[in-house]
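Peer 1: Keeping their order, the protein sequence lines are chains A and B. Residue 215 in the numbering used here sits at position 215 of the first sequence, and the numbers go up by one each step. Residue 1205 in the numbering used here sits at position 205 of the second sequence, and the numbers go up by one each step. Before I ask anything, here is the structure I am working with.
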Amino acid sequence: MPSYNRINYDLRPAKSIERKMINESLRKLSAFQSIESYRYIGFGSLYFSDFSLFHKELNLTDMNSIEHTSSPKEQTRIDFNRPFNCINMYYDESSNVLPQFHWDDTCTITWLDYDYDLNKEILDDIRIVTNKSCSGSIIIVTVKADPPSFQDEEGELNLDQALPNFYTRFKERIGEDKLPSDVTYRNLRGWDFAKVCRRIINNEILEALQARNVARPSTQKMSYKQLYNFHYSDGAKMITVGGIIYNQGQSDKVTSCGFQNLNFIKEDEEPFKIEIPMLTYKELKHLNSQFPQSDLSNLESIGIPKKDIERYHSIYRYFPNFAEIGN
Amino acid sequence: MDEINEELRIKASPTKEFFLYMLTKDILIESAIAELVDNSVDGARAIQEKSESMFKDKTIRIDLNKNQFRIEDNCGGIPVEIARKYAFRFGRPSAIEKQGRTIGHFGVGMKRALFKMGNYFKIESRTIDSYFVVEEDINEWLAKDEEDWDFKFKEVQENYPLKEGEETGTTITVSRLHETVSEKFALENFEKKVKMTLQTDHQISLQNGLVMTLNGIPLTFEPTGLLSSLDLQPAHLSTTFNIDESILNVSIYAGLSKSEPEKAGWYVYCNGRLILEADKTEVTGWKDGIPRFHNQFARFRGYILFDADDPKVLPWNTTKTGLDVSSKSFIVARQEMLNLMRPIIDFLNKLESEKKNKEDDSPTQLEIILDQATTVEVDKIKTEQVFIAPQPKPEPKIIKIEMGKIRYEKPKEELEIVKKKLKAKTYTEIGEKTFDYFFKMECED
């Protein structure tokens, strides 16, 4: 079943915040080439939220959406929902579509935005994109990272069964050789599982680059620098990992992009957690009127928990405005 | 040697550069690591008590990262005399007497591995009565006089007994790694591949208690075992051959395990190292009197272990990564493999025909016996024994419910949706589950 039958993409606040953050970071790419000239490859689904945002905000016009459905009925519906005519549709498996693009010197932003668990096919897609992307390109990967709870519904501990089984299944799904040596089923609990997924994704990128680099002179090696490491949950735990692929001869360009000036850019294993504070509309406005703020303890908090204020402060510029629209 | 008139001499000796290039050209970096690990494992095997099948407190630590490779063991060390005369030579002088297992047979493995990895190496070795350090910068060695191929001890002590608390062993460090090697060593995925390869290759040694770590993480093994119960017994044969005046010990285990086509077949080990994995080809007897491999034989497992002090008689190729099919040792042992294999294949054929004669796909009697059998690790099977196959007992009378069959077709797209919803694995299961559902919901009281 396509994921859009399960989730209305527009109503996922954390995802919406992540999208806006990524959008803002992409502006910084102009040190490489003007952002309008970048190509975008994504999985638009039925909502095309990322496509709409990047077209409106960044004026991307070479946009490509991959959908793996072969049903003519679904394709008709997706075509109907395509928000702008600059979006080309590809109805096939991503592993078939991705190699077909003309990659050479076209700087590309590829967002492999899956709503299910990491698997071999995803790793293949990552390898293809890493292998093909030219210097200055962005690769972003989103996967579900939602391990079973350590307790079952009755509150009984699950440790002997559920987690080891999950571990075995996960190992089969990604291939045992992709699971880092030190990872046991104990590393798959809660958000730790997302951390393992991040390593596996980055390892795949690094391995693909290493193979690509064998034939390149030492000053022209391709590198990868992680920029994104989002943890969020609009129900299920999700992780987004990604970064920039560049020629080492151009590392000064990467520096001049100034990605690290953005608070959500994460270059290591420490994630940026998008956590939605529980605040009323009135409270949001009250806090907004006091932001930006370097010292949150100076704030007139009107009884809002400190944690919620901190969470909100880290994301307020990207916070969605939800309102019920009557018609 | 006769004096040659210098005027008549035509130079034909190799340059060091050419030699290094040829030596390292065809070896994978993974095999270079395996070579060095093999040396340590051989060391451990050489010093373990002959009566003892288990390794006692023997540890091999391997560490690799983008800057260096390091392997450290407490497995006996290299005697100074061996280092001085043989261990660093390129090739083995033909006159050398048998040296037991401690030194490799082909005399190129260690050097080839070192040169493959980097431009600098250091070897520190301690035996029960000697100690030495060799440290070489390959670039300096290349720059020396072209006739001078020798290395030099940096430190050397002979007649130097082991002190209280000291251990024998060898530590090898390679640094100034070649660019591509360094790039590979930096990858977690490469680390994992090395770990998996070593775990498979040295499974028997690990099972026998040898401790190995890679970047601090212990290597693990899946015990090699065969199914056994009151009605079922795996075959075991232990024998000795005299090959070219050297003793070759051969141990064969064959029997049944879980039905896994990928794992089925013969496993061949030489001095504890796996050189052929799950083989289902003519090499190990299939299609040669025995039928060709088919999934009905997916329960078959055979393990053959060759052990010899003189590595020359072992049936492996020069890189110790594959079987030398035409070696005398393998030819004689292969006959025994076929003998042990025959009754097991016959039994598996019987199992298959029992299954075919059954109308439903519930487990047959023989399958039930197999499911109830327990796995016995092969090293626990000490006595020679033949394969004993379970015999089917007469079918107990059961009251048969008269059954009917339904067959129908539906669009695949719809079938897939229902399959997912029902968590069904097959279309048959969809049919049964949807029927049961309807019966339960609409027909029961």
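Don't be surprised by glycine CBs; every beta carbon is placed ideally from N, CA and C.
Quick one: is residue 6 (chain A) near chain B, going by C-beta distance under 8 Å?
Peer 2: Because residue 6 (chain A) sits at a pLDDT of 49, beneath the cut-off of 50, its placement in the model cannot be relied upon, and the following sentence gives the value as read from the coordinates. Chain B contact via Cβ: absent.
Peer 1: Skipping 5 residues on each side, what residues in its chain have a beta carbon closer than 7 Å to that of residue 1366 (chain B)?
Peer 2: Contacts found: 1351, 1354, 1390, 1392.
Peer 1: Could you tell me the alpha carbon to alpha carbon distance between residue 1017 (chain B) and residue 1142 (chain B), rounded to whole angstroms?
Peer 2: Using only the alpha carbons, I get a separation of about 7 Å.
Peer 1: Excluding five sequence neighbours on each side, which residues of the same chain lie with their C-beta closer than 6 Å to the C-beta of residue 1256 (chain B)?
Peer 2: Result list for residue 1256 (chain B): 1227, 1299, in chain order.
Peer 1: Within the same chain, show all residues whose beta-carbon is closer than 7 Å to that of residue 1105 (chain B), passing over the 5 residues directly before and after it, in chain order.
Peer 2: Reliability of the predicted coordinates at residue 1105 (chain B) is poor, the pLDDT of 48 falling under 50, and no value is obtained from them.
Peer 1: List the residues of chain B whose Cβ lies closer than 9 Å to the Cβ of residue 176 (chain A), in chain order.
Peer 2: By Cβ distance, chain B contributes 1192, 1196.
Peer 1: On the DSSP bridge list, what partners appear for residue 1254 (chain B)?
Peer 2: Its beta-bridge partners are B:1235, B:1302.
Peer 1: Would you list, in chain order, the members of the stretch 1199-1221 of chain B that have their beta-carbon closer than 9 Å to a beta-carbon of chain A?
Peer 2: Under the 9 Å Cβ criterion, the stretch 1199-1221 of chain B contributes 1214, 1215, 1216, 1217.
Peer 1: So, does the CB of residue 181 (chain A) fall closer than 8 Å to a CB anywhere in chain B?
Peer 2: So yes, residue 181 (chain A) belongs to the interface.
Peer 1: Do you know offhand how far residue 1519 (chain B)'s Cα is from residue 1132 (chain B)'s?
Peer 2: Residue 1519 (chain B) is absent from the model: chain B starts at 1001 and stops at 1445.
Peer 1: Measuring from the CB of residue 305 (chain A), is there a heavy atom of the ligand GTP at a distance below 7 Å?
Peer 2: Looking at this structure, you won't find the ligand GTP or any other ligand, since it has none at all.
Peer 1: Let me confirm a value: residue 16 (chain A) is counted as buried when at least 16 other C-beta atoms fall within 10 Å, else exposed. Which label applies?
Peer 2: Classification for residue 16 (chain A): buried.
Peer 1: Express the C-alpha separation of residue 40 (chain A) and residue 104 (chain A) in angstroms, rounding to a whole number.
Peer 2: Near 14 Å, if we compare the C-alpha coordinates of residue 40 (chain A) and residue 104 (chain A).
Peer 1: Measuring only between beta-carbons, confirm whether residue 199 (chain A) sits less than 8 Å from chain B.
Peer 2: For residue 199 (chain A), the answer is yes, since a Cβ of chain B falls inside 8 Å of its Cβ.
Peer 1: Taking residue 1083 (chain B) as the reference, give the member of B:1369, B:1331, B:1158, B:1308 with the closest Cα.
Peer 2: Checking every option, the nearest Cα to that of residue 1083 (chain B) belongs to B:1158.
Peer 1: Closer than 9 Å, Cβ to any Cβ of chain A: which residues of the stretch 1159-1183 of chain B, in chain order?
Peer 2: Those would be 1179, 1180, 1183, in chain order.
Peer 1: Check the Cβ of residue 37 (chain A) against every Cβ in chain B and list those closer than 7 Å, keeping chain order.
Peer 2: Those within 7 Å of residue 37 (chain A) in chain B number zero; the least Cβ separation is about 32 Å.
Peer 1: Would a check of beta-carbon distances place residue 214 (chain A) closer than 8 Å to chain B?
Peer 2: So, interface residue.
Peer 1: Does the beta-carbon of residue 1054 (chain B) have 16 or more other beta-carbons within 10 angstroms, so that it is buried, or is it exposed?
Peer 2: By the neighbour-count rule (16 or more Cβ atoms within 10 Å), residue 1054 (chain B) is not buried but exposed.
Peer 1: Tell me which same chain residues have a C-beta within less than 8 Å of the C-beta of residue 326 (chain A), skipping the five on either side of it?
Peer 2: With a pLDDT of only 45 at residue 326 (chain A), under 50, the local geometry of the prediction cannot be trusted, and the value read off the model is given with reservation. The answer is none, since no qualifying residue turns up.
Peer 1: Considering only C-alpha positions, which residue in the set A:303, A:315, A:304 is nearest to residue 292 (chain A)?
Peer 2: The candidate whose alpha carbon is nearest that of residue 292 (chain A) is A:315.
Peer 1: Note down the Cα distance separating residue 1430 (chain B) from residue 1359 (chain B), rounded to an integer number of angstroms.
Peer 2: Those two C-alpha atoms are separated by around 19 Å.
Peer 1: Measure the C-alpha to C-alpha separation of residue 100 (chain A) and residue 128 (chain A) and round it to an integer number of angstroms.
Peer 2: Cα to Cα, residue 100 (chain A) sits roughly 11 Å from residue 128 (chain A).
Peer 1: What residues in the stretch 245-262 of chain A bring their beta carbon closer than 9 Å to a beta carbon of chain D?
Peer 2: Considering every chain present, this structure includes no chain D. Its protein chains are A and B.
Peer 1: Going by DSSP in three states, residue 134 (chain A) sits in which element: helix, strand or coil?
Peer 2: Reduced to three states, the DSSP call for residue 134 (chain A) is coil.
Peer 1: Of all the CB atoms in chain B, is at least one closer than 8 Å to the CB of residue 203 (chain A)?
Peer 2: Yes, residue 203 (chain A) counts as interfacial toward chain B.
Peer 1: With DSSP collapsed to three states, give me the class of residue 2 (chain A).
Peer 2: Low confidence applies to residue 2 (chain A): its pLDDT is 49, below 50, so where it sits in the model is not reliable enough to give any reading.
Peer 1: Taking contact to mean at least 3 C-beta pairs separated by less than 8 Å, is the stretch 270-284 of chain A in contact with the stretch 161-178 of chain A?
Peer 2: Flag = no, the stretch 270-284 of chain A and the stretch 161-178 of chain A do not touch.
Peer 1: Determine the contact status of residue 1275 (chain B) and residue 1239 (chain B), defining contact as a CB-CB distance below 8 Å.
Peer 2: Against a cut-off of 8 Å, the Cβ pair of residue 1239 (chain B) and residue 1275 (chain B) comes out as no contact.
Peer 1: Kindly provide the ranges of any alpha helix (DSSP H) runs that are 4 or more residues long and lie completely inside the stretch 1382-1427 of chain B, ordered along the chain.
Peer 2: Entirely contained in the stretch 1382-1427 of chain B, the alpha helix (DSSP H) runs reaching 4 residues are, in chain order, 1412-1422.
Peer 1: 8 Å is my cut-off, CB to CB: does residue 218 (chain A) come that close to chain B?
Peer 2: Cβ-Cβ to chain B under 8 Å: yes for residue 218 (chain A).
Peer 1: In terms of residues, what are the limits of the beta strand (DSSP E) holding residue 17 (chain A)?
Peer 2: Note, residue 17 (chain A): premise wrong, no beta strand (DSSP E); alpha helix (DSSP H) at 13-27.
Peer 1: Determine the extent of the beta strand (DSSP E) in which residue 243 (chain A) is found, giving its start and end residues.
Peer 2: 237-247 is the extent of the beta strand (DSSP E) around residue 243 (chain A).
Peer 1: If you draw a straight line from the C-alpha of residue 90 (chain A) to the C-alpha of residue 1215 (chain B), how long is it?
Peer 2: Straight-line Cα distance between these residues: approximately 45 Å.
Peer 1: Determine the direct distance from the alpha carbon of residue 13 (chain A) to that of residue 20 (chain A), and round the result to whole angstroms.
Peer 2: In a straight line, the C-alpha of residue 20 (chain A) is about 11 Å away from that of residue 13 (chain A).
Peer 1: Closest Cβ-Cβ distance between residue 1415 (chain B) and chain A: below 8 Å?
Peer 2: Not an interface residue.
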